[in-house]
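Participant: For the sequence shown, this note's numbering assigns the number 63 to the initial residue and increments by one for each residue that follows.
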Amino acid sequence: MTSSTSDRSALGAFLRARRARLTPGDVGLPAAGRRRTPGLRREEVAQLAGVGVTWYTWLEQGRAKNASDQVLDAVARVLRLDAAEHRHLMVLAGRGTAAEPGPPVDLRPEQTALLAKLLPYPAAVQTDCYDLVAANRTYRYLFADLDAYPVEERNCAWLMFTEPSWRNSLLDEDTVLREITAKLRTRQPEHRDDPRWNALITRLRQESPDFVRHWESYEVVGDRTQLRRYQSPRVGTLDVQFQSLWLDRARDARIVVMTPTDTATTQRLERLDSLVGAAPAWTSRDDSADNAATGA
63 MTSSTSDRSA LGAFLRARRA RLTPGDVGLP AAGRRRTPGL RREEVAQLAG VGVTWYTWLE
123 QGRAKNASDQ VLDAVARVLR LDAAEHRHLM VLAGRGTAAE PGPPVDLRPE QTALLAKLLP
183 YPAAVQTDCY DLVAANRTYR YLFADLDAYP VEERNCAWLM FTEPSWRNSL LDEDTVLREI
243 TAKLRTRQPE HRDDPRWNAL ITRLRQESPD FVRHWESYEV VGDRTQLRRY QSPRVGTLDV
303 QFQSLWLDRA RDARIVVMTP TDTATTQRLE RLDSLVGAAP AWTSRDDSAD NAATGA
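1. As a quick exercise: from S346, V297, A312, T321, pick the residue whose alpha carbon is nearest that of S336.
2. Nearest CA to the CA of Q303: which residue from D135, L176, A185?
3. If you draw a straight line from the C-alpha of E215 to the C-alpha of Q288, how long is it?
4. In chain order, which continuous runs of the beta strand (DSSP E) of length 3 or greater are located wholly inside the region 263-308?
5. Considering only their Cβ atoms, is the gap separating V187 from V167 smaller than 8 Å?
6. Do you know how far the Cα of M222 is from the Cα of D69?
7. Going by DSSP, what residue range makes up the beta strand (DSSP E) through T189?
8. Do W117 and the ligand SAM come close, with the Cβ less than 7 Å from some heavy atom?
9. Residues in its own chain within less than 7 Å of L307 by CB, not counting five upstream and five downstream?
10. If T321 and Y201 are in contact, beta carbons under 8 Å, what's the gap, nearest whole angstrom?
11. Apart from the five residues on each side of it in sequence, which residues of its chain come closer than 7 Å, Cβ to Cβ, to A93?
12. Counting only beta-carbon separations shorter than 8 Å, does E252 have a partner in chain D?
13. So for P182, helix, strand or coil by DSSP?
14. Which of helix, strand or coil does DSSP assign to D168?
Shown next, in the form of C-alpha cells:
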C-alpha cells in the first residue's frame, strides 16, 4: 500500500469516526426515527457540506482524490472539527508534507544544563513519538529506574501501556492513555515514512489491547498543558501541571516538565530528589552515566 493510499484510507476512517459522534440535533436536523448505526448518515453530511453523496462516499472509502480545500473545509465545518482535528484532516488529504526521517536528536550542553537546573521538578527531552532522549534525576526515578530499561523501551507511550510500574502510577489511567494515543494519532501522518514511528505503533498494537481500543476510536488532539495525578512509589501522590515545550521542531525534540500544583507536591518532589540525590543529575539514551552531570 502506498503512502497516498494509506492516507486516503486513514482519512476515511477519521471521517467515519467523526460522523459517528454527531446526532442530527447537533447539526440542526430533525430526528428521523430509530437509526441502525450511531451518528449522522453519509447523505446528511454530503447535503450539509454541499457535495454529492457519491463523492462523499468515495471520500470515506478512500477512493476520492484531489479533494479541494473548499470541500474539505465544508466537511470539517459540518463534522464540527476543532483546530487540531481540522489540521489532521488536511494532512491526511495531502495538504501537509511528511517529515523526512531525521537523525537522532543531538543533546546540546544548554539543554542538559536545563534538565539539571529544573530539579527537583521532573523533566525530560522527548521526541514526537515519546522516545525519551534524556531525563533528569527526579523524572528517572518518578515511577521506577528508567535507566534500568533497555534503550529501545525508553519510550513514554510504550512504558505507560506495557510496564506495570509506570501504568500503576496513573491515578487517571484511562484519561492519560487516551491522551497519549490521541497525540500519536494526530502526529503519525506527518511521520508515516519514519521506521521508528511505524515500529512503535506496530509494537503497541501487538502488545496492548487498550492501545488498540483507543487507537481505533480515532481521537486526535493538539498540544496542551494538562493536569496530571500520579502515585509515586517513593513519595506518594503528586499533582502536577504537565507541559510540553519545543526545543527543536525540525528534529521533533521537546522538553517535558512537571510543575507542582500545590505545596504538598512541591515538598514530595524535593523529598524524591533527596532520596535519589546520589544519582547523576541527568542521563541520556546514549549511555546512562558517562555523559551525565554529577550532582544537582
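Beta carbons are placed, not taken as given, at the ideal position from N, Cα and C, and that holds for glycine. Owing to the predicted nature of the structure, the values given are computational and were not obtained by experimental measurement.
Facilitator: For this structure:
1. Residue mapping note: residue 336 aligns to position 274 of the sequence shown, counting from 1. Ranked by Cα distance from S336, the options S346, V297, A312, T321 are led by V297.
2. Counting from 1 along the sequence shown, the entry for residue 303 is found at position 241. Of D135, L176, A185, the residue nearest in Cα terms is A185.
3. Counting from one through the sequence shown, the residue named residue 215 turns up at place 153. Counting from one through the sequence shown, the residue named residue 288 turns up at place 226. C-alpha of E215 to C-alpha of Q288: approximately 24 Å in a straight line.
4. Runs found: 288-294.
5. For the purposes of this step, residue 167 is taken as residue 105 along the sequence shown, with counting starting at 1. For the purposes of this step, residue 187 is taken as residue 125 along the sequence shown, with counting starting at 1. The beta carbons of V167 and V187 sit closer together than 8 Å.
6. Numbered from its first residue, the sequence shown carries residue 69 at position 7. Numbered from its first residue, the sequence shown carries residue 222 at position 160. Whole-angstrom Cα-Cα distance: 27 Å.
7. Taking the sequence shown and counting its residues from 1, the one referred to as residue 189 is at position 127. Boundaries of the beta strand (DSSP E) around T189: 185-189.
8. Ligands displayed in this structure: none; no statement on the ligand SAM is therefore possible.
9. The residue given as residue 307 occupies position 245 in the sequence shown. Excluding residues within five positions, the ones whose Cβ falls inside 7 Å are R316, I317.
10. The residue you call residue 321 lines up with position 259 of the sequence shown. The residue you call residue 201 lines up with position 139 of the sequence shown. At roughly 12 Å, the Cβ-Cβ gap does not stay under 8 Å, so T321 and Y201 are not in contact.
11. Taking the first residue of the sequence shown as position 1, residue 93 is located at position 31. Correct list, in chain order: P86, G87.
12. Chain labels in this structure do not include chain D; a single protein chain is all it has.
13. Taking the first residue of the sequence shown as position 1, residue 182 is located at position 120. The answer is coil: DSSP assigns P182 none of H, G, I, E or B.
14. Here the question's residue 168 lines up with position 106 in the sequence shown. D168 falls in the coil class under three-state DSSP.
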